[in-house]
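Engineer: Here it is: the structure, laid out below.
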Amino acid sequence: MIHVLSSAGRSLHYMDLAGAARAQGRDLQAQPYVIRILLENLYRHQHWGDAVSAEEIQRLWHWRDHVGADLALHVARVILPDSSGLPVLQDLAALRDAVARHGGDAARVDTRIPVDLIVDHSLQVDHWGDAQAVSRNLRREFERNDERYRFLKWAQQAFKGLRVIPPGMGIIHQINLEYLAPVVATRERGDGSWAYPDFVIGGDSHTPMVNALGVLGWGVGGIDAEAALLGQAYTFPIPDVVGVRLSGRIRPPALTTDAALLITQRLRQAGVTGRMVEFFGPAAAELSIPERATIANMAPEYGATCGFFPIDAQSLAYARMTGRPETQVQLIEDYAKANHLWRDAGTPAPQYSRVIDIDLSEALPSMAGPRRPQDRMPWQDVPADFRGRLTRPLNEGGFGLPAAPAPATRDTPTHGSITLAAITSCTNTSNPAVMLAAGLVAKKALALGLTPPAWLKRSLAPGSRAVTRYLQDAGLLEALQGQGFEVIGYGCTTCGGKSGPLTPAATEAIGEQGLVTAAVLSGNRNFEGRIHKLVRANYIGSPAMVVLYALAGRIDIDLEREALGRGHDGRPVYLADVWPTPQEIQALLPYAANPRIFAEVYAAESLDSAIWRELQAPAGLRFPWDPSSDYLVEPPFFQDGPRQPLQDLASSLRQARVLAAFGDSLTTDHISPSGEIPADTPAGRYLAQAGLAPRDFNTYVARRCNHHVMTRATFGNIRIKNELVPGTEGGFTRHFPDGAQTTIFEAAAAYRQEGAAAIVLGGKDYGMGSSRDWAAKGSALLGVRAVIAESFERIHRANLVGMGVLPLAFEDGQGWRQLGLDGSEQLALRNVEAGIMAAEPIEVTARAADGRTTRFTVRAQVLTEAERHLMAAGGIPASVLHSFLNEPAANPA
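The sequence shown: position 721 = 739 (the working numbering), numbered continuously.
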């Protein structure tokens, strides 16, 4: 089954899938493309001598009958943002220390596959609205993150497979799409040169954006990434693969963003959580790579592991446009066609477990909000929905105002005013069509003399420096600047909670009047408390919609009937006056398809900066920890734990208390916030006691290498709603049995001292949102031993297992509220070990203070044999340390 491929003068070995299918008596064309890629991975690594069994391969050929069974995969590379990548490298540095302390060889702790770390999650919008914003924000970023960046430069020389792309270059997903992803990878081995599919896992949940190019990849927690980059097999369950047939065309005035929001809503409703989605159909073939990227990026929002588009002619055109060498473009085509990973427009669809039909012509200009990306509504419905929420109670999705206020105006900030408008980097700035549309709206409005209110903060944070170049070449950058959308830097900002301060006028008005104001952004996340602590309603839309709403200055406007404002001649300006036609957008697209731009932006000398080069950093194998540092603190995860972790877990859960109880859709942002650190929180008080002024607190993202801060931040989102303290927002709870109200951090400490295990109760989709390993790490450090929820999102569930925290699911149709629990009960769990290792029911007895007893069963969400071994070992850190200390040295992969 080993064939030789000749491409551009090279001879390369490859694992022949067609031959493998014939040997199995299977029809390869019936297999989804993602299954073909996984099969190739198993066959090749079995040939290379890795531990892949024939049984695993057999099960994957019959994947519909074995969904959830273990696969021992080996990824081609790992990609990390600094937000999750820094803690990963910090853990590796601590692992080296732990191995050395136990007499092992610290040098064995090294990266075994290529790892790219892109510094893109530490930029904040401190400065905006002027041409110096980029340089000023970059300088402030380096000032805030001096210690972190010195550590990164140490890591760059300490770990042989690590490449760091420094701040100011762009965002991880767009750089991956435009530059890093080879689509087809190659490797030199003793038996010759090999070609195989690029397969990447990333420490950010939006890694599936690269699925648009035909690259299989998805987001994982940093905990899983650590194991993979150390050369361990990446254990993943056989997926259920759902086909999504796209038909129709996006009809003006809708844009690609509107189609992505439609797909997100439909697939979330259809229930594709934890499944692989593969797009096909006539509309899929016509979508450009940037359009596909907008859709694939939203995979975490529709709950899927990935949103995959196979390699086709669009992939080749994009690879050429973005400056990949012609030899690489030729290899992509030759390999994909030779190994049946190429799709033509007329290729029959594979056989999926089910097919979901979506007609793109049904996409309408839309906004999603005010709290979740799947809550899409046509722009006509936004005003009534927002105003209806103003007086609705908090626990019903409202804002709890006592009476309905007057409609918002452009004159002064009031309820419904937009105080933050951001064209952000992740979902949309990789798509030239929607960016050019935003520029055209800005240009037309500027010509009419209409600009946003002065109190509205505006920013433009492209995901790549190429975006600025083509906007400038198209004559639109000046118009965006004229509307206040100056480029403020290149990285993840507003969408990740690093929006910086509002204007003084907005801040004062919100503080004095308790206003419910809105943010509009072109990102993919709008969970409450994430965008800005003062902004309570947050809406996602296309970049053009962001500019449009900024011009109006309010979210409760009927865009079809009401004027956006008045121009310089005093006449009203309407939507029709500024919205671009498809022909206007199409005429400017050639400016964004200039290979010279990408060649210059990604030239070796351009992927560096003087400020990065001048940064001094230590050298050597082991990192010299500074005991006085409040940024880089040696993590506690590789300390010796209990000798029998599984028995310890089971024993602790015989006496447990509920630390917090939550409803549906608790996000990882709720569990571990990413934005600014408020002074009146446990994390803020800790930093103040360390002598820091609030202006130097930085963000939770920047403090992720300090476990003292992050443990105190866990369940600390300012908008989190713990049902043990109804009507209260923030990280508060009640300690039982006395019922005293306190912070979650303090209650957890009390339970540890009292010898009671902490348990968290949840509803549906517990842990949805970003792949945030600190949501699991922080839970573990608080002393949470188990989470009982109605259902879990994929990445967070796996992260809990990775940290030795037991995820448990109520039986179908049950939940803590349906069972009549209120969280004050003392819980006792029985049969825990068998529940984990043999999938038996775990019995729970909940005893109330009045003696009332409720009994029910739960099921361990430990889904594979590899995960059961992890739980038995106490999690990935303990398992990895054990492997380095007790196994003979292995040859690098």
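Note that beta-carbon positions come from the ideal geometry of N, C-alpha and C, so glycine has one too.
#1: On the DSSP letters alone, give me the boundaries of the beta strand (DSSP E) that Arg554 sits inside.
#2: On a Cα-Cα basis, can you pick out the residue from Leu684, Gly588, Tyr508, Val619 that is closest to Val143?
#3: Which residues in the same chain as Leu5 place their Cβ atom closer than 6 angstroms to its Cβ, once the five residues preceding and following it in sequence are excluded?
#4: Measuring CB to CB, does Gly583 end up less than 9 angstroms from Leu569?
#5: Can you find the residues in the same chain that come closer than 8 angstroms, C-beta to C-beta, to Asp626, ignoring five residues on each side of it along the sequence?
#6: How about Leu742 and Ala776: do their beta carbons lie closer than 9 angstroms?
#7: Less than 7 angstroms between C-beta atoms, sequence neighbours within five positions excluded: which residues of the same chain meet that for His725?
#8: Mind checking who Ser435 pairs with in its DSSP beta bridge?
#9: From the DSSP output, in three-state form, read off Ile860 for me.
#10: Per DSSP, what kind of secondary structure is Glu380 in: helix, strand or coil?
#11: With DSSP as the reference, identify every bridge partner of Glu32, one or two as the case may be.
#12: Mapping DSSP to helix, strand and coil, what is Ala497?
#13: State the start and end residues of the unbroken alpha helix (DSSP H) segment that holds Pro825.
#14: Who are the Cβ neighbours of Ala765 in its own chain at under 7 angstroms, not counting the five residues just before and after it?
#15: Using a threshold of 9 angstroms, state whether the C-beta atoms of Arg608 and Pro270 are closer than that.
#16: Relative to the alpha-carbon of Thr525, which residue among Val553, Leu280, Leu539 has its alpha-carbon at the smallest distance?
#17: Buried or exposed: which applies to Glu58, given that a residue is buried once 16 or more other Cβ atoms fall within 10 Å of its Cβ?
#18: Could you give the residue range of the beta strand (DSSP E) that holds Asp840?
#19: At the level of alpha carbons, what is the spacing between Thr872 and Leu710?
#20: Taking all protein chains shown into account, do 16 or more other C-beta atoms lie within 10 angstroms of the C-beta of Arg207, making it buried, or fewer, making it exposed?
#21: Keeping to the same chain, check which residues put their C-beta closer than 7 angstroms to that of Asp574; ignore five residues upstream and five downstream.
#22: Check Arg487 in the structure and name its three-state DSSP category.
#23: What is the DSSP secondary structure of Arg584, reduced to helix, strand or coil?
#24: Give the C-beta separation of Val912 and Glu296 to the nearest angstrom, bearing in mind that I take them to be a contact with Cβ-Cβ under 8 angstroms.
#25: Tell whether a beta-carbon distance below 9 angstroms holds between Tyr620 and Gly341.
#26: Once the 5 residues before and after Phe326 are set aside, which same chain residues still bring their CB inside 6 angstroms of it?
#27: Roughly how many angstroms lie between the CA atoms of Arg166 and Phe160, to the nearest whole one?
#28: Here's the rule: buried if 16 or more other CB atoms are within 10 angstroms of the residue's CB, otherwise exposed. What is His586?
#29: Starting from Trp630, trace the alpha helix (DSSP H) both ways and give me its first and last residue.
#30: Checking the sheet assignment: what are the DSSP bridge partners for Gly235?
#31: Sorted by chain position, which residues of the same chain lie with C-beta nearer than 7 angstroms to Thr699's C-beta, five sequence neighbours on each side aside?
#32: Near Ala628, what residues of its chain come up, given a Cβ to Cβ distance below 8 angstroms and the 5 sequence neighbours on each side ignored?
#33: Does the distance from the C-beta atom of Thr685 to that of Gly787 stay below 9 angstroms?
#34: Could you check whether Ser482 and Glu811 sit closer than 9 angstroms to each other, using their CB atoms as the reference points?
#35: What number of angstroms, rounded off, separates the C-alpha of Ala246 from the C-alpha of Tyr252?
#36: Report the CB separation of Ile506 from His191 in whole angstroms; it is logged as a contact under 8 angstroms.
Structural biologist: With the given structure in hand:
#1: Mapped onto the sequence shown, residue 554 falls at position 536. Counting along the chain, Arg554 falls outside any beta strand (DSSP E), and DSSP gives it neither H nor E.
#2: Residue 143 sits at position 125 when you count from the first residue of the sequence shown. If we check each option's Cα against that of Val143, Tyr508 comes out closest.
#3: Absent from the structure is residue 5, since the part of the chain shown begins at 19 and ends at 911.
#4: Within the sequence shown, the letter at position 565 stands for residue 583. Within the sequence shown, the letter at position 551 stands for residue 569. Yes, the Cβ-Cβ distance between Gly583 and Leu569 is below 9 angstroms.
#5: As a working mapping, residue 626 is identified with position 608 in the sequence shown. Around Asp626: Pro184.
#6: On the sequence shown, residue 742 is found 724 positions in, with the first residue counted as 1. On the sequence shown, residue 776 is found 758 positions in, with the first residue counted as 1. Cβ distance not < 9 angstroms, so Leu742 and Ala776 don't count as in contact.
#7: Reading the sequence shown from its first residue, position 707 is the one you call residue 725. For His725, where only same-chain residues beyond five positions count, the Cβ hits under 7 angstroms are Val651, Pro653, Pro654, Leu799.
#8: Residue mapping note: residue 435 aligns to position 417 of the sequence shown, counting from 1. Answer by DSSP bridge pairing, in chain order: Arg572.
#9: Working through the sequence shown from its first residue, we reach residue 860 at position 842. If DSSP states are grouped into helix, strand and coil, Ile860 belongs with the strands.
#10: Against the sequence shown, residue 380 aligns to sequence position 362. Helix, per DSSP.
#11: Within the sequence shown, residue 32 is the residue found at index 14, counting from 1. The sequence as given places Tyr at residue 32; Glu does not occur at that position. In DSSP, Tyr32 forms a bridge with His21.
#12: Here the question's residue 497 lines up with position 479 in the sequence shown. Here Ala497 sits in helix by DSSP.
#13: Here residue 825 corresponds to residue number 807 of the sequence shown, with the count starting at 1. Here Pro825 belongs to no alpha helix (DSSP H); instead the beta strand (DSSP E) covers 824-828.
#14: The residue given as residue 765 occupies position 747 in the sequence shown. Same-chain partners within the cutoff: Leu677, Thr751, His753.
#15: Taking the sequence shown and counting its residues from 1, the one referred to as residue 608 is at position 590. Taking the sequence shown and counting its residues from 1, the one referred to as residue 270 is at position 252. It should be noted that the sequence gives Pro, not Arg, for residue 608. No, these two residues do not count as a Cβ contact at 9 angstroms.
#16: Within the sequence shown, numbered from 1, the residue matching residue 525 stands at position 507. The residue with the shortest Cα to Cα distance from Thr525 is Val553.
#17: Indexing the sequence shown from 1 puts residue 58 at position 40. With 16 or more other Cβ atoms within 10 Å, it is buried.
#18: On the sequence shown, position 822 is the one that residue 840 refers to. No beta strand (DSSP E) contains Asp840, which DSSP labels as neither H nor E.
#19: On the sequence shown, residue 872 is found 854 positions in, with the first residue counted as 1. On the sequence shown, residue 710 is found 692 positions in, with the first residue counted as 1. Their Cα atoms are separated by approximately 48 angstroms.
#20: Locating residue 207 in the sequence shown gives position 189, counting from the first residue. Exposed, since its Cβ has fewer than 16 Cβ neighbours within 10 Å.
#21: The count along the sequence shown starts at 1 and reaches residue 574 at position 556. Result list for Asp574: Pro401, Phe404, Arg405, Pro425, Ala426, Gly434, in chain order.
#22: Locating residue 487 in the sequence shown gives position 469, counting from the first residue. Arg487: helix per DSSP, three-state reduction.
#23: Sequence index remark: in the sequence shown, residue 584 carries index 566 (1-based). In the structure shown, Arg584 sits in a strand (DSSP, three-state: E or B).
#24: Lying before the first or after the last residue shown, residue 912 is absent from the chain, which here runs from 19 to 911.
#25: What you label residue 620 is simply residue 602 of the sequence shown in a count that begins at 1. What you label residue 341 is simply residue 323 of the sequence shown in a count that begins at 1. Taking 9 angstroms as the Cβ cut-off, Tyr620 and Gly341 qualify as a contacting pair.
#26: To locate residue 326, count along the sequence shown from 1; it is residue 308. Same-chain partners within the cutoff: Val52, Asn229, Glu296.
#27: Locating residue 166 in the sequence shown gives position 148, counting from the first residue. Locating residue 160 in the sequence shown gives position 142, counting from the first residue. Their Cα atoms are separated by approximately 9 angstroms.
#28: Within the sequence shown, the letter at position 568 stands for residue 586. The residue is exposed, with fewer than 16 neighbouring Cβ atoms inside 10 Å.
#29: On the sequence shown, residue 630 is found 612 positions in, with the first residue counted as 1. Element bounds for Trp630: 628-631.
#30: Here the question's residue 235 lines up with position 217 in the sequence shown. Looking at the DSSP assignment, Gly235 forms a beta bridge with Val218.
#31: Walking along the sequence shown from the start, residue 699 turns up at place 681. Within the same chain, Thr699 has close Cβ partners Gly734, Gly749.
#32: To locate residue 628, count along the sequence shown from 1; it is residue 610. Nothing meets the Cβ criterion.
#33: Your numbering for residue 685 matches position 667 in the sequence shown. Your numbering for residue 787 matches position 769 in the sequence shown. Contact flag set, yes.
#34: For the purposes of this step, residue 811 is taken as residue 793 along the sequence shown, with counting starting at 1. For the purposes of this step, residue 482 is taken as residue 464 along the sequence shown, with counting starting at 1. No, Cβ-Cβ distance for Glu811 and Ser482 is not below 9 angstroms.
#35: Here residue 246 refers to the residue found at position 228 of the sequence shown. Here residue 252 refers to the residue found at position 234 of the sequence shown. Each residue's Cα considered, the two are about 6 angstroms apart.
#36: By 1-based counting over the sequence shown, the position of residue 506 is 488. By 1-based counting over the sequence shown, the position of residue 191 is 173. Actually they are not in contact, since the Cβ atoms of Ile506 and His191 sit about 19 angstroms apart, beyond 8 angstroms.
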